[in-house]
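Report on the structure given below.
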Amino acid sequence: MESLHYLLMKTHTMLNKKIVSGAGELGLTSGQPKVLDFLTEHEGCDQKTIAAYCEIEPATVGSILLRMENQGMIRRIQHPGNRRSLFVYLTEQGRKAAKEMAKVFDSCEEEAAGSLPGEELEELKILLTKLWENLSGKQQDPSEKTQGGRADADQ
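Here the UniProt record's numbering is used: the first residue of the sequence shown is 1, the next is one more, and so on.
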């Protein structure tokens, strides 16, 4: 059997190709899908929070958000007590893009899961979460474990 790192890398590459293709058809660029997905559940958070959750450098998130703002998908509102802190909100256009991207994510997940029974799929999610926790040195919030949050390393 292949090594764990090779199987994970191979699976990630295949899944990422499909997600990037679907995102491209929607006019989205790298990084935007996972930011949209995060904002659907966490509107009104700041750039630092987005960066931490999406595992992206804060400066990179800043570039992604600027492009999304220029495309009319988000708006940033200044924090009343901190002029340097901005809250990020989806616009109607951003919500539509997020909804379309969710269909892409769902389709890719269905294809990847294939004929796996539901209990095996849940066990796989648990195991992948444990791997992430081991590698990151972090513990995932228990509520996120059951929500099936979508986070792809490149998307």
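Glycine included, each C-beta is placed from N, C-alpha and C at the ideal position.
Beta-carbon spacing of residue i, residue j below 8 Å
i	j	result
residue 74	residue 94	yes
residue 72	residue 49	no
residue 101	residue 15	no
residue 64	residue 35	yes
residue 33	residue 56	no
residue 39	residue 104	no
Presumed contact (8 Å Cβ cut-off) between residue i and residue j, rounded CB distance
i	j	result
residue 37	residue 98	7 Å
Same chain, Cβ closer than 6 Å to residue i, five either side skipped, listed in chain order
i	result
residue 135	none
The alpha helix (DSSP H) enclosing residue i, as first and last residue numbers
i	result
residue 32	32–41
residue 26	No alpha helix (DSSP H) contains residue 26, which DSSP labels as neither H nor E.
Local conformation of residue i per DSSP, three classes
i	result
residue 115	coil
residue 78	strand
Beta strand (DSSP E) segment containing residue i, residue limits
i	result
residue 86	82–90
Close-in-space but distant-in-sequence residues of the same chain around residue i (CB under 8 Å, 5 per side omitted)
i	result
residue 133	139, 140
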